[in-house]
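The structure appears below as structure tokens.
Protein chains: 2
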Amino acid sequence: MPDVARRAGVSVSTVSRTLRGLPTVSPATRRKVEQAARELSFSISRSASSLVTGRTGRVAVMVPTLQAWFMGAMLSGLSSALRAADLDLMIYDVPSMAERRRFFERLPARRNADALLVVSFDLSREERGRLDELGMPVVFVSQQTEGRAGVCVDDVEGARRGTQYLVNLGHRRIAFVQTDSGKGFAFSAQERVRGYRKVLAEAGIPVEEDLVICGGIGQRAGADAVARLLTTPQLPTAIFAESDEVAMGVLQALHISRIAVPGTVSVLGFDDHELAELFDLSTVAQSPVEVGRTAGELVRSVLCEEDADDTRQIVLPTRLVLRGSTAPPGTPGDPGGTPDADGLTLAAPASGERPPS
Amino acid sequence: MPDVARRAGVSVSTVSRTLRGLPTVSPATRRKVEQAARELSFSISRSASSLVTGRTGRVAVMVPTLQAWFMGAMLSGLSSALRAADLDLMIYDVPSMAERRRFFERLPARRNADALLVVSFDLSREERGRLDELGMPVVFVSQQTEGRAGVCVDDVEGARRGTQYLVNLGHRRIAFVQTDSGKGFAFSAQERVRGYRKVLAEAGIPVEEDLVICGGIGQRAGADAVARLLTTPQLPTAIFAESDEVAMGVLQALHISRIAVPGTVSVLGFDDHELAELFDLSTVAQSPVEVGRTAGELVRSVLCEEDADDTRQIVLPTRLVLRGSTAPPGTPGDPGGTPDADGLTLAAPASGERPPS
DNA sequence: ACCTAGCTTGCAAACGCTGTCATCGCGGCT
DNA sequence: AGCCGCGATGACAGCGTTTGCAAGCTAGGT
Chain A
1 MPDVARRAGV
11 SVSTVSRTLR
21 GLPTVSPATR
31 RKVEQAAREL
41 SFSISRSASS
51 LVTGRTGRVA
61 VMVPTLQAWF
71 MGAMLSGLSS
81 ALRAADLDLM
91 IYDVPSMAER
101 RRFFERLPAR
111 RNADALLVVS
121 FDLSREERGR
131 LDELGMPVVF
141 VSQQTEGRAG
151 VCVDDVEGAR
161 RGTQYLVNLG
171 HRRIAFVQTD
181 SGKGFAFSAQ
191 ERVRGYRKVL
201 AEAGIPVEED
211 LVICGGIGQR
221 AGADAVARLL
231 TTPQLPTAIF
241 AESDEVAMGV
251 LQALHISRIA
261 VPGTVSVLGF
271 DDHELAELFD
281 LSTVAQSPVE
291 VGRTAGELVR
301 SVLCEEDADD
311 TRQIVLPTRL
321 VLRGSTAPPG
331 TPGDPGGTPD
341 ADGLTLAAPA
351 SGERPPS
Chain B
1 MPDVARRAGV
11 SVSTVSRTLR
21 GLPTVSPATR
31 RKVEQAAREL
41 SFSISRSASS
51 LVTGRTGRVA
61 VMVPTLQAWF
71 MGAMLSGLSS
81 ALRAADLDLM
91 IYDVPSMAER
101 RRFFERLPAR
111 RNADALLVVS
121 FDLSREERGR
131 LDELGMPVVF
141 VSQQTEGRAG
151 VCVDDVEGAR
161 RGTQYLVNLG
171 HRRIAFVQTD
181 SGKGFAFSAQ
191 ERVRGYRKVL
201 AEAGIPVEED
211 LVICGGIGQR
221 AGADAVARLL
231 TTPQLPTAIF
241 AESDEVAMGV
251 LQALHISRIA
261 VPGTVSVLGF
271 DDHELAELFD
281 LSTVAQSPVE
291 VGRTAGELVR
301 SVLCEEDADD
311 TRQIVLPTRL
321 VLRGSTAPPG
331 TPGDPGGTPD
341 ADGLTLAAPA
351 SGERPPS
């Protein structure tokens, strides 16, 4: 910065003011400084400025994994919102319990970011306590926490609608398949079962616990669940999978056993994964990109607007996407006219359906 | 830090030394300081220390998208390697050309990270020049650049082996399907066509340019390509897709037209996407997690070992994964015994096949 | 001609840490 | 006893910014 000042023939203060866009710089000076900065391709040291301002210009996000469709899309939306606010994005990937302990013990984000986003963790009381001691704004994503700022999808309502849809189609024996996400992760799965149970209760359908299946991860959970269902006296007429990934596993397993979808069993997913269309899978759609974008904007408002409400909870809606994997129970053959009862009818893509990213 | 010093009854220098684990601190003092730090739950300001040491403890990575299977897995491996080296990860998502210009103009990573990883960009001469001016180590991922440190997968060799495999099965008319990744992205696609062309040349098979198809993005590219192929006088007997995602689009389109896979057309993918197994798709496997991990270690060595070779190029191998979507041309029905010729036979998952993450 | 207000600019003191140098005490050597 | 060396500690000068304060300049009013 002294170099730029020398080259522009002004003081460092003026350079600083110019570069930060303060209004107290004359147009002529501004031009000189900007040109000098460009010629030296100067870029400011955030370390130095944060030392004095106390703000780092960085936002940290803690995620349980990076290898998931949801995370990629969410981070994409988040990064775009943060970029607009001129904030950098730092990622703390905390894939295991050991890493997690380490994270909460050392709190590495402590003075290295202006805010922390916590995504899809089901935190213990102690962990939440540590975050409070952190002394920086924390925003929760994909998990609702009383009185804390957060953004999430309305999982309960989504699961409700999905279940209600199946009930309205005439289904009475509806299985719900969850992944065994393990201790402390994927909070939203629990919300989704809740929505499922609510609708059944309202409709006066007793919840058969044999039909609420939990186990395995990803597609495997779906396949395993079908295996389990096939060992019970009576197959359900519909399977609601916690996520599209699980639903794909379900479809795969049903296909292997030559069980017609939706002829014998309807399958409903949750997410609207980019491949759901390929599987012609009906699903409850959410938009993780939107979740990320919203979280980014919430962070910005918490950081920049002093009067911001630090405990705002934003709940994003879901919408039901109807495809070919669901039908009233006992529907024979394929309503579409193609004699394909193997549950993997692949429809031509309906264009223009994706949310803008 | 002065607070800690006061509480421990020592000077700030001693606190600094203790906290950095320097050996010139007596055990007694060390204990006192550590306890004081714990009681105040003190954590050091990297801004301040980087200001004097010149090192930020951060690595920046520039990616063209976050919504891709490859990126998620690569970043996962990268973050794990960086965590081991006690380096933080910063992400610059540069999804559009406008963002890209902005990135190269401002070089925001400039003094805010110790090194920059550039992933899957096909840079212009000017852009490369800007990176040189950057004055920090740059490591290229998924793109080979003469004389620059980099990690990538052996795309040419992978495509070679894949093509050779198809040739060895007896195929002579082999289509290659690429995505229209646009200017400046996804360098590896070009390498893959190169491998394909090489093998055909060596085998004395003339490359029919009608069979090298480029257009669309993701699965769409695959679907569009099939549509195009179906309008030519003679269908190829095999389709080699640039990526599994494209291959899934290909499978979908073939399925719609009721063209048997591998009966009429064999389909080979590239990547070993987590869903490839579900589609029973033969594919040339790469391990993006490994790519990321290796890149992370390369960065660490460049940063920490003074004698490190800054221009090391690491090329990771691929391996062919055989599943049910490929067979010799004209293979009737389904060799597995199930009368399923629709190209979407879903095999039971072969367990224990994934590379460790 | 003088005063004042308002706009620009420069000076210098932080910010929290690291690293160099000096200091101190202590044991072993001559 | 005196000297040397070494391990442990403290004092202090930066590192590159921001920011409050003071100073300079210009223009407009009296």
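Residue numbers (UniProt numbering), protein chains in the order written: chain A, 1 to 357; chain B, 1 to 357.
Cβ coordinates follow ideal geometry from the N, Cα and C atoms, glycine included.
Per DSSP, A285(A) is one residue of the beta strand (DSSP E) stretching across 282 to 285. Within chain A, the residues whose beta carbon sits less than 8 angstroms from that of L275(B) are Q219, M248, L275, listed in sequence order. Under the Cβ distance rule, R20(A) does not count among the residues neighbouring chain B, no pair being separated by less than 8 angstroms. The DSSP assignment places complete alpha helix (DSSP H) segments of no fewer than 4 residues inside the stretch 215 to 267 of chain B at 219 to 229, 244 to 256, in order along the chain. Straight across, the Cα-Cα distance linking E290(B) with V284(B) is about 15 angstroms. Distance from the Cα of R194(B) is smallest, within the candidate group T145(B), E34(B), E202(B), A159(B), for A159(B). The alpha-carbon of R106(B) is positioned some 12 angstroms away from that of D86(A). Beyond the five residues adjoining it in sequence on each side, V212(A) comes within less than 7 angstroms, by CB distance, of F176, V193 in the same chain, given in chain order. Of the residues F240(A), L278(A), Q252(A), the one whose Cα lies closest to the Cα of V246(B) is L278(A). Per DSSP, the unbroken alpha helix (DSSP H) holding Q35(A) starts and ends at 27 to 39. Closer than 8 angstroms to the CB of I239(A) there is not a single CB belonging to chain B. With a cutoff of 8 angstroms on beta-carbon distance, A221(B) and A253(B) are scored as not near each other. By the rule that beta-carbons nearer than 8 angstroms mark a contact, E133(B) touches chain A.
Between the alpha carbons of P288(A) and L89(B) lies a gap of roughly 22 angstroms.
At a cut-off of 8 angstroms between beta carbons, D122(A) makes no contact with chain B.
For the 8 angstroms CB-CB criterion, S243(B) and D280(B) do not form a contact. I91(B) reaches chain A at S79, L89, I91, counting residues in chain order whose Cβ is nearer than 7 angstroms. Assignment of beta-bridge partners to G150(B) by DSSP yields F140(B), Q313(B). Any Cβ of chain A closer than 8 angstroms to the Cβ of Q67(B) would place that residue at the interface, and such an atom is present.
Spatial neighbours of Y196(B) in its own chain (CB-CB distance under 7 angstroms, excluding positions within 5 residues in sequence) are listed in chain order as A159, T163, F176, F240. For L169(B), no CB of chain A lies under 8 angstroms from its own CB, so it is not counted at the interface with that chain.
Between L316(B) and D154(B), the CB-CB gap stays under 8 angstroms.
Under the criterion of beta carbons closer than 8 angstroms, F185(A) and S120(A) qualify as touching, at roughly 6 angstroms. Bridge partners of R319(A) according to DSSP: A285(A).
Under a criterion of Cβ atoms nearer than 7 angstroms, the residues of chain B adjacent to L107(A) are, in order, S43. For A109(B), the closest of I91(B), Q313(B), R312(B) by C-alpha to C-alpha distance is I91(B).
Contact with chain B is absent for R323(A), since none of that chain's Cβ atoms lies less than 8 angstroms from the residue's Cβ. Neighbours of M71(A) in chain B, taken as residues whose beta carbon is under 9 angstroms from its own, are L66, G72 in chain order. Between L303(A) and the set G269(A), A68(A), V59(A), the nearest pair of CA atoms involves V59(A).
The C-beta distance from D180(B) to G216(B) rounds to 6 angstroms, short enough to meet the 8 angstroms contact threshold. Boundaries of the beta strand (DSSP E) harbouring R58(A): 58 to 63, taken from the DSSP string. Straight across, the Cα-Cα distance linking D132(A) with F104(A) is about 11 angstroms.
The beta carbon of T18(A) is closer than 6 angstroms to those of V25, R30, V33 in its chain, skipping five residues each way along the sequence.
Only those residues of the stretch 34 to 63 of chain B whose C-beta falls short of 7 angstroms from the nearest C-beta of chain A are listed: S41, S43, S45, R46, S47, A48, S50, L51, T56. Secondary-structure assignment with DSSP links G269(A) through a beta bridge to T283(A). In the structure shown, the three-state DSSP call for L89(B) is strand.
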